[in-house]
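All remarks here apply to the structure that follows.
Number of protein chains: 2
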Amino acid sequence: MKVVKFGGSSLASGEQFEKVARIVTGDPERRVVVVSAPGKRFEDDIKTTDLLITLANTIIAGDAYTEAFEDVLERFTAIVTYLGLDEAVLSDIRTKLTERIETYKHDEDRLMDALKSSGENENAKVMAAYLTKLGTKASYVSPDEAGMLVTDEPGNARILPEAYDHLYRLREREEVLVIPGFFGYSKENNIVTFPRGGSDITGSIVAAGLQASLYENFTDVDSVYSVNPNLVENPHEMKEITYREMRELAYSGFGVFHDEALLPVVEKKVPVCIKNTNHPEAPGTMIVDNRVPDKMPVLGIASDKGFLSINLTKYLMNRQVGFGRRLLEILETEGISFEHTPSGIDNMSVILREHQVQNGKEERILSRIRQELDVVDVSIERNLALVMVVGEGMARTVGVASKATAALGDAGVNIKMINQGSSETSMMFGVDDRDANLAVKSLYHAFFPND
Amino acid sequence: MKVVKFGGSSLASGEQFEKVARIVTGDPERRVVVVSAPGKRFEDDIKTTDLLITLANTIIAGDAYTEAFEDVLERFTAIVTYLGLDEAVLSDIRTKLTERIETYKHDEDRLMDALKSSGENENAKVMAAYLTKLGTKASYVSPDEAGMLVTDEPGNARILPEAYDHLYRLREREEVLVIPGFFGYSKENNIVTFPRGGSDITGSIVAAGLQASLYENFTDVDSVYSVNPNLVENPHEMKEITYREMRELAYSGFGVFHDEALLPVVEKKVPVCIKNTNHPEAPGTMIVDNRVPDKMPVLGIASDKGFLSINLTKYLMNRQVGFGRRLLEILETEGISFEHTPSGIDNMSVILREHQVQNGKEERILSRIRQELDVVDVSIERNLALVMVVGEGMARTVGVASKATAALGDAGVNIKMINQGSSETSMMFGVDDRDANLAVKSLYHAFFPND
Numbered sequence: 194m195k196v197v198k199f200g201g202s203s204l205a206s207g208e209q210f211e212k213v214a215r216i217v218t219g220d221p222e223r224r225v226v227v228v229s230a231p232g233k234r235f236e237d238d239i240k241t242t243d244l245l246i247t248l249a250n251t252i253i254a255g256d257a258y259t260e261a262f263e264d265v266l267e268r269f270t271a272i273v274t275y276l277g278l279d280e281a282v283l284s285d286i287r288t289k290l291t292e293r294i295e296t297y298k299h300d301e302d303r304l305m306d307a308l309k310s311s312g313e314n315e316n317a318k319v320m321a322a323y324l325t326k327l328g329t330k331a332s333y334v335s336p337d338e339a340g341m342l343v344t345d346e347p348g349n350a351r352i353l354p355e356a357y358d359h360l361y362r363l364r365e366r367e368e369v370l371v372i373p374g375f376f377g378y379s380k381e382n383n384i385v386t387f388p389r390g391g392s393d394i395t396g397s398i399v400a401a402g403l404q405a406s407l408y409e410n411f412t413d414v415d416s417v418y419s420v421n422p423n424l425v426e427n428p429h430e431m432k433e434i435t436y437r438e439m440r441e442l443a444y445s446g447f448g449v450f451h452d453e454a455l456l457p458v459v460e461k462k463v464p465v466c467i468k469n470t471n472h473p474e475a476p477g478t479m480i481v482d483n484r485v486p487d488k489m490p491v492l493g494i495a496s497d498k499g500f501l502s503i504n505l506t507k508y509l510m511n512r513q514v515g516f517g518r519r520l521l522e523i524l525e526t527e528g529i530s531f532e533h534t535p536s537g538i539d540n541m542s543v544i545l546r547e548h549q550v551q552n553g554k555e556e557r558i559l560s561r562i563r564q565e566l567d568v569v570d571v572s573i574e575r576n577l578a579l580v581m582v583v584g585e586g587m588a589r590t591v592g593v594a595s596k597a598t599a600a601l602g603d604a605g606v607n608i609k610m611i612n613q614g615s616s617e618t619s620m621m622f623g624v625d626d627r628d629a630n631l632a633v634k635s636l637y638h639a640f641f642p643n644d
Numbered sequence: 194m195k196v197v198k199f200g201g202s203s204l205a206s207g208e209q210f211e212k213v214a215r216i217v218t219g220d221p222e223r224r225v226v227v228v229s230a231p232g233k234r235f236e237d238d239i240k241t242t243d244l245l246i247t248l249a250n251t252i253i254a255g256d257a258y259t260e261a262f263e264d265v266l267e268r269f270t271a272i273v274t275y276l277g278l279d280e281a282v283l284s285d286i287r288t289k290l291t292e293r294i295e296t297y298k299h300d301e302d303r304l305m306d307a308l309k310s311s312g313e314n315e316n317a318k319v320m321a322a323y324l325t326k327l328g329t330k331a332s333y334v335s336p337d338e339a340g341m342l343v344t345d346e347p348g349n350a351r352i353l354p355e356a357y358d359h360l361y362r363l364r365e366r367e368e369v370l371v372i373p374g375f376f377g378y379s380k381e382n383n384i385v386t387f388p389r390g391g392s393d394i395t396g397s398i399v400a401a402g403l404q405a406s407l408y409e410n411f412t413d414v415d416s417v418y419s420v421n422p423n424l425v426e427n428p429h430e431m432k433e434i435t436y437r438e439m440r441e442l443a444y445s446g447f448g449v450f451h452d453e454a455l456l457p458v459v460e461k462k463v464p465v466c467i468k469n470t471n472h473p474e475a476p477g478t479m480i481v482d483n484r485v486p487d488k489m490p491v492l493g494i495a496s497d498k499g500f501l502s503i504n505l506t507k508y509l510m511n512r513q514v515g516f517g518r519r520l521l522e523i524l525e526t527e528g529i530s531f532e533h534t535p536s537g538i539d540n541m542s543v544i545l546r547e548h549q550v551q552n553g554k555e556e557r558i559l560s561r562i563r564q565e566l567d568v569v570d571v572s573i574e575r576n577l578a579l580v581m582v583v584g585e586g587m588a589r590t591v592g593v594a595s596k597a598t599a600a601l602g603d604a605g606v607n608i609k610m611i612n613q614g615s616s617e618t619s620m621m622f623g624v625d626d627r628d629a630n631l632a633v634k635s636l637y638h639a640f641f642p643n644d
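These protein sequence lines map, in sequence, to chains A and B.
Per our numbering, the very first residue in the first sequence carries number 194; after that it's consecutive.
Per our numbering, the very first residue in the second sequence carries number 194; after that it's consecutive.
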């Protein structure tokens, strides 16, 4: 049994619904469909979810919201009309939205979650109605019915372990099930949305819970590329990528898949296939636990900006048992998570995301380090970008570091930091923000000379 | 005023004493002399300190120790006789040794410290007597008289801050002062030896306390070499090296100077000159706070073996605030200090010196990591060598990493780890123990093509 998830652009219009229905009905194994809200139909279009957020904010501000309400309805009207579905589908959407507004209008957080998630919820109903109309036995299954139990913090749902057992029971259902992404229900029976990568998380949880043979994630690209296609023309298309590689790349700004969304399928070892709704015959990219080694040591290159480095120098630092722990403890009590801690003999750096150090936190951290660790020489270096070179094959290949550093050197990129751990699945370079794109391009051309 | 320190090989024989005296009297600024015990005269010779340790162990074992005692005396007899000094010098040594044995024979630790340090102590008296005989006004100054106050743990003396003030008062003395290295006196009036790099530490403390204009450290090489001369013929001789560079190299097995010994002069910014007793006209190597930049990005290359890496993998590790701190805390409570912590996204390694993890500690640490950090995938990799490429010029030069990794790649060395911190004074490569020498040689030839 396969779980199929469709993103916003795959469900943006009636035409897209037709493609999705063809995909779903084209394989009897595709038994569970997870849907996003209708996305953008064109460059400057507004996503339904954003229209819903505007609606919620208008209500919260106490302003007249008829226009915002109709903007949402219009998106569904276009789809329902195009597909020739029963008028009742539309009036149900209108009723449901009105109901939610009435129920939650005095609780801002809950109202936001209830409306924000309505795009997925109503879209699932439309999809179920459409499949039914086409003669496929299909049902909308609400996350409540599915047993998608989550924690109760608005906008920050975490799945509860028992949800997986509930979901497993859906295997008994014989019709195609359409489940809205992006939210679950708490034990207090509240609608609670996931923090990020919303519908991807739902799809991943459902696939894990159902112990699916495959989790197909349909989006608008033929495959995952080895490098950001905005930087390089016709970049290499990946056939297979391991969870580990995907995670290293997702971390460093690869947009295709949010890394936290992968966790449920990683744990249950459900393979994932990234496919294109607009070109379903393309094989897509498989995300797997282990892949067949190929000749390419490097599979992907990515970068992310907005890091800073706290640099400390203290003579004989490495002789002081507990020094590193105390440094990390200061950061921990300030609620800061760090990425890397490269070190020399008498110096240590902590790399972290810049946005964590704001509103005077910087000065407090520096002064705590000076006082509590008795470090005279401590400074902050901003505008760091991290460039990741990722590939399981790197461990088996001599000379990867050499090729990478030569490419950066030839491009005139100053390497501020190198971090290669014992895992050898990735190599990280710290460079100036301004050099990030140049670094990625030069590394790509070094490792993918034929693309 | 200069403080001059002579190592064991510089004081191994009467001939060496003559050279030392010429050096001391050749510059009126050389006002304080710190001496080691007589060292080896030839390859298979035994150092006086080792003879003294044997003597102490013989006494502790309750065995007859006349022979061991005479072995020590013989070394001094040879020197005193060669120099034509008064017989009283020798009988004083005999009396003093006998006295120490009588005083401490019921306290093993104190006996060891008292005898172990006698080589330096008696040698200082011999040197003072010889300088006096040559017509130079000179006095033996015991560490007690000098105010060299240390902590009271046998074999592990740490200097107390007030010692520096006491030492400063020696500036008022007009004659040449000869101070034995390797030990101080505790407030309880015990003789306590320094842990490692013994006489170098004394010299460094004395130079710092006296605020000397220069600390000359006489040994048996013309200069500090950029690479281990056992690996490369006629290696590059350093003219100048910064404290930082010296420390990075000393750490990774450079024998010339023990890194802890440098601390006092680093703090007081007293420049150090490494010179050759057997070739004093050679300029030597200056160790300074800042050096004039030259064209060479790299100044030295060194390696050290006997490291291991604890490798952890945990999905979404970097999202978990406090993870790194808790890992280091486990090591800290086990009394283990670590060297580096390279990391990927979901993995982290801790590099430490192998000798710290023995007698079942390994299994305990692994099981604590598994349990307390909920990490499934943790392993230990042994037989790691760290290779350091060091130079202040590296920060100003693009392409150092590239050159280094190319050299290693061409030599077929598999790079297991790279760690380059924000200080950019050094770059560290983790390689297999067996590849360490090859790595050092190939790096040396890449960065010193003309030597």
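Glycine included, C-beta positions come from ideal geometry on N, C-alpha and C.
All values derive from a computational prediction rather than experimental measurement.
Any beta-carbon of chain B closer than 8 angstroms to the one on T344/A?
With 8 angstroms as the cut-off, T344/A does not count as an interface residue toward chain B.
Quick one: Cα of E222/A to Cα of Y408/A, how far?
Answer to the nearest angstrom: the Cα atoms are 11 angstroms apart.
Can you pull out the residues from the stretch 390-423 of chain A whose beta carbon lies closer than 9 angstroms to at least one beta carbon of chain B?
So the list is empty, because no residue satisfies the distance condition.
Are any of the Cβ atoms in chain A nearer than 8 angstroms to that of I608/B?
Yes, I608/B counts as interfacial toward chain A.
Within 10 angstroms of its Cβ, does R589/B collect 16 or more other Cβ (buried), or is it exposed?
Its Cβ having fewer than 16 others within 10 Å, R589/B is exposed.
Report buried or exposed for S206/B, applying the criterion of at least 16 other Cβ atoms within 10 angstroms of its Cβ.
The residue in question, S206/B, is buried, as its Cβ has 16 or more Cβ neighbours within 10 Å.
List the residues of chain B whose Cβ lies closer than 7 angstroms to the Cβ of N471/A, in chain order.
Under the 7 angstroms cutoff, chain B gives no residues; its nearest Cβ is about 31 angstroms from N471/A.
Please check if any C-beta of chain A sits within less than 8 angstroms of the C-beta of A578/B.
It does not: the Cβ of A578/B has no partner Cβ on chain A nearer than 8 angstroms.
Which bits of chain A does Q551/B rub up against, with CB to CB less than 7 angstroms?
Neighbours of Q551/B on chain A: none; closest Cβ ~17 angstroms, over 7 angstroms.
Taking the DSSP output, what are the residues bridged to E433/B?
Note: E433/B sits in a beta bridge opposite M479/B.
State the start and end residues of the unbroken beta strand (DSSP E) segment that holds I544/A.
From DSSP, the beta strand (DSSP E) with I544/A extends over 540-546.
Would you report the Cα separation of A257/B and D306/B, rounded to the nearest angstrom?
Cα to Cα, the separation comes out at about 20 angstroms.
When you compare the CB positions of L566/A and L509/A, do they come within less than 8 angstroms of one another, or not?
No; because the gap between Cβ atoms is not below 8 angstroms, this pair is not in contact.
Can you give me the C-alpha to C-alpha distance between T526/B and E381/B, rounded to a whole angstrom?
Taking the straight line joining both Cα atoms gives about 31 angstroms.
May I ask you to list the residues that DSSP assigns as paired with S502/B?
Partner(s): I544/B, E574/B.
So the candidates are N540/B, P535/B, S542/B; which of them puts its Cα closest to the Cα of S542/A?
When each option's Cα is compared against that of S542/A, the closest is P535/B.
Out of I529/A, E441/A, R575/A, R518/A, state which residue places its alpha-carbon closest to the alpha-carbon of N504/A.
Among I529/A, E441/A, R575/A, R518/A, the Cα nearest to that of N504/A belongs to R575/A.
For E430/A, which residues in the same chain have their Cβ closer than 8 angstroms to its Cβ, ignoring the five residues on either side in sequence?
Closer than 8 angstroms at the Cβ level, and outside the excluded window around E430/A, lie D415, S416, V417, Y418, S419, T478.
For E409/B, report the span of its alpha helix (DSSP H) as first-last.
Note, E409/B: premise wrong, no alpha helix (DSSP H); beta strand (DSSP E) at 407-412.
Would F531/A pass as an interface residue toward chain B - the criterion being a Cβ-Cβ separation below 8 angstroms?
So, interface residue.
Could you please give the first and the last residue of the uninterrupted beta strand (DSSP E) stretch that includes G377/B?
Segment 376-379, the beta strand (DSSP E) holding G377/B.
Could you check whether the Cβ of Q564/A sits closer than 8 angstroms to any Cβ belonging to chain B?
It does not; no Cβ of chain B falls within 8 angstroms.
Under the DSSP definition of a beta bridge, which residues are partnered with F531/B?
Its beta-bridge partners are L545/B.
Report the rounded CA-to-CA distance for L283/A versus D413/A, giving the unit in angstroms.
Cα to Cα, L283/A sits roughly 27 angstroms from D413/A.
Taking the beta carbon of F235/A as the centre, do at least 16 other beta carbons fall within 10 Å, making it buried, or is it exposed?
When all chains shown are included, F235/A counts as exposed.
So, for E208/B: in the same chain, excluding its five sequence neighbours on each side, which residues have a beta-carbon less than 8 angstroms away from its beta-carbon?
Y275, listed in sequence order.
Any C-beta of chain B sitting closer than 8 angstroms to the C-beta of I573/A?
So no, I573/A is outside the interface.
Which residues in the same chain as L327/B place their Cβ atom closer than 8 angstroms to its Cβ, once the five residues preceding and following it in sequence are excluded?
Counting only Cβ-Cβ distances below 8 angstroms, and skipping sequence neighbours, we find A214, T218.
Use the C-beta contact count for H472/A: other C-beta atoms within 10 angstroms, 16 or more gives buried, fewer gives exposed.
It counts as exposed.
Rounded to whole angstroms, what's the CA-CA distance from Q513/B to A600/A? Just pull it up for me.
Answer to the nearest angstrom: the Cα atoms are 34 angstroms apart.
Should R537/B be flagged as near chain A, meaning a C-beta pair shorter than 8 angstroms?
Reading off the sequence, residue 537/B comes out as Gly, not Arg. Judged by the 8 angstroms Cβ criterion, G537/B is in contact with chain A.
At a Cβ threshold of 8 angstroms, is R303/B touching chain A?
Judged by the 8 angstroms Cβ criterion, R303/B is not in contact with chain A.
So with CB distances below 7 angstroms, who are the chain B contacts of L521/A?
Near L521/A (Cβ distances below 7 angstroms), the residues of chain B are G517, R518, L521.
Does R437/A get closer than 8 angstroms to chain B when you measure Cβ to Cβ?
Cβ-Cβ to chain B under 8 angstroms: yes for R437/A.
Name, please, each residue of chain B whose Cβ falls closer than 7 angstroms to the Cβ of Q209/A.
Within chain B, no residue comes near Q209/A; the closest Cβ sits about 33 angstroms away, beyond 7 angstroms.
With a cut-off of 8 angstroms, does the C-beta of Y508/A fall near any C-beta of chain B?
Closer than 8 angstroms to some Cβ of chain B, the Cβ of Y508/A qualifies, so yes.
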